[in-house]
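Data block below; observations after.
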Ligand code: 13P
Ligand code: SF4
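Numbering (our numbering), first residue to last: 1 to 336.
Structure representation (structure tokens):
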């Protein structure tokens, strides 16, 4: 999805943005580059990118693009995934320090040890993992297809799900699967959106719709409130960031509470100016996502610096797991 413009939360003036954006597009054309941006990027980058969306959507674009170069405005594992899927293309990441606390919560060595304790189990890894972890994985998933990936695995096969405990718990709940072990990893941003945030925001906005990312620390308590009738099921949804964008475009609600990283609000507001989108926790910002600044993107396009390298053997093993995921279900940007 390419975001439309809601200029009021940009830090640049309109004139500065137009000059910068024209130069970004000119340089991208000159290089034969496609610019991809995750939904948590700063507003200017979401608006200038050729494609803006969630992890699964961007993986699909990276796999299918005809462009010579992919400039990835996101975090390291996302650019690595693009390189795994398009090994013959140059993939540029404007700042290699843009990491991910969730991807850091399991190493390839830890996963090998876990597998050794569960021989024969199928490993499902969230895409928020390093290439080395993906290489030890049978099939990847994102927040928008995790339940479908788990459902694709024969019911009698044990599953090891890593690294996100909250997404794992959500998948277990919606699939009813019992033979699934879940790694105790988390994203510090989403884990920080707490049940207390939910309680106070719902009390302040009792008629709001509620959109929750499955990585959030509050997912279970939101769904508990739904199951006890304290929140209406028809106004409460657990979605990927792309699913949130689709829901935002479609809603007629006056207010929507949004439990995920706050960068998504730019796009939700651009998609629907009639609804008020309110963060469940206004401090839920990912410092890694914000490392990709307009100046760094410009520098990358001017210099071609920042190429991502993945060892070919690791990439080949990781590719099987990512392609197995992409082959499951169409498309896209929605959620469970
Ligand atoms: P999605 O865009 O797939 O929902 O993932 C969210 C995320 O945390 C990426 O860092
Ligand atoms: Fe990683 Fe969390 Fe940042 Fe997403 S929001 S990139 S999962 S640290």
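In this text, a Cβ means the ideal position worked out from N, Cα and C, and glycines have one as well. Quick caveat, the model's predicted, so the values are computed rather than measured.
Item, Value
"Decide if residue 279 is buried, meaning its Cβ has at least 16 other Cβ atoms within 10 Å, or exposed.", "buried"
"Which one of 44, 126, 206, 178 has the shortest CA to CA distance from residue 78?", "126"
"Does the distance from the CB of residue 218 to the CB of residue 195 come in under 8 Å?", "yes"
"Kindly indicate which residue of 227, 182, 248, 94 has the alpha-carbon position closest to the one of residue 106.", "182"
"With 16 other CB atoms within 10 Å as the buried threshold, where does residue 137 fall?", "buried"
"Would you be able to state if there are at least three C-beta pairs under 8 Å between the stretch 173–187 and the stretch 97–112?", "yes"
"Please determine whether the Cβ atom of residue 297 lies at a distance below 7 Å from any heavy atom of ligand 1.", "no"
"For residue 9, which residues from the same chain have a beta carbon less than 8 Å from its beta carbon, with the 5 sequence-adjacent residues on both sides left out?", "43, 265, 266, 269"
"What residue range does the beta strand (DSSP E) around residue 181 cover?", "180–182"
"What residue from 326, 311, 314, 292 has the CA that sits closest to residue 35's CA?", "292"
"Taking only heavy atoms of ligand 1 into account, decide whether any of them is closer than 7 Å to the Cβ of residue 211.", "no"
"Quick check: the stretch 233–247 against the stretch 289–309, are at least 3 beta-carbon pairs closer than 8 Å?", "no"
"If you pair each beta-carbon of the stretch 112–124 with each one of the stretch 157–172, do three or more pairs fall below 8 Å?", "yes"
"Report the rounded CA-to-CA distance for residue 60 versus residue 51, giving the unit in angstroms.", "11 Å"
"Is it buried or exposed for residue 319, if we count other Cβ within 10 angstroms and need 16 for buried?", "buried"
"Quick check: residue 68 and residue 37, are their CB atoms within less than 8 Å of each other?", "no"
"Going along the chain, which residues put their C-beta within less than 7 Å of some heavy atom in ligand 2?", "40, 75, 100, 101, 102, 103, 128, 187, 188, 189, 190, 215, 261, 286, 288, 289"
"Within a Cβ cutoff of 8 Å, which residues of the same chain sit near residue 151, ignoring the five residues on either side of it in sequence?", "175"
"Using C-beta distances below 6 Å, list every residue in its chain close to residue 135, excluding the 5 sequence neighbours before and after it, in chain order.", "314, 317, 318"
"Is the closest heavy atom of ligand 1 to the C-beta of residue 142 under 7 Å?", "yes"
"Taking the straight line between their C-alpha atoms, what separation do you get for residue 120 and residue 141?", "19 Å"
"If you draw a straight line from the C-alpha of residue 208 to the C-alpha of residue 191, how long is it?", "22 Å"
"With distances taken from CA atoms, which of 247, 92, 123, 80 is nearest residue 149?", "123"
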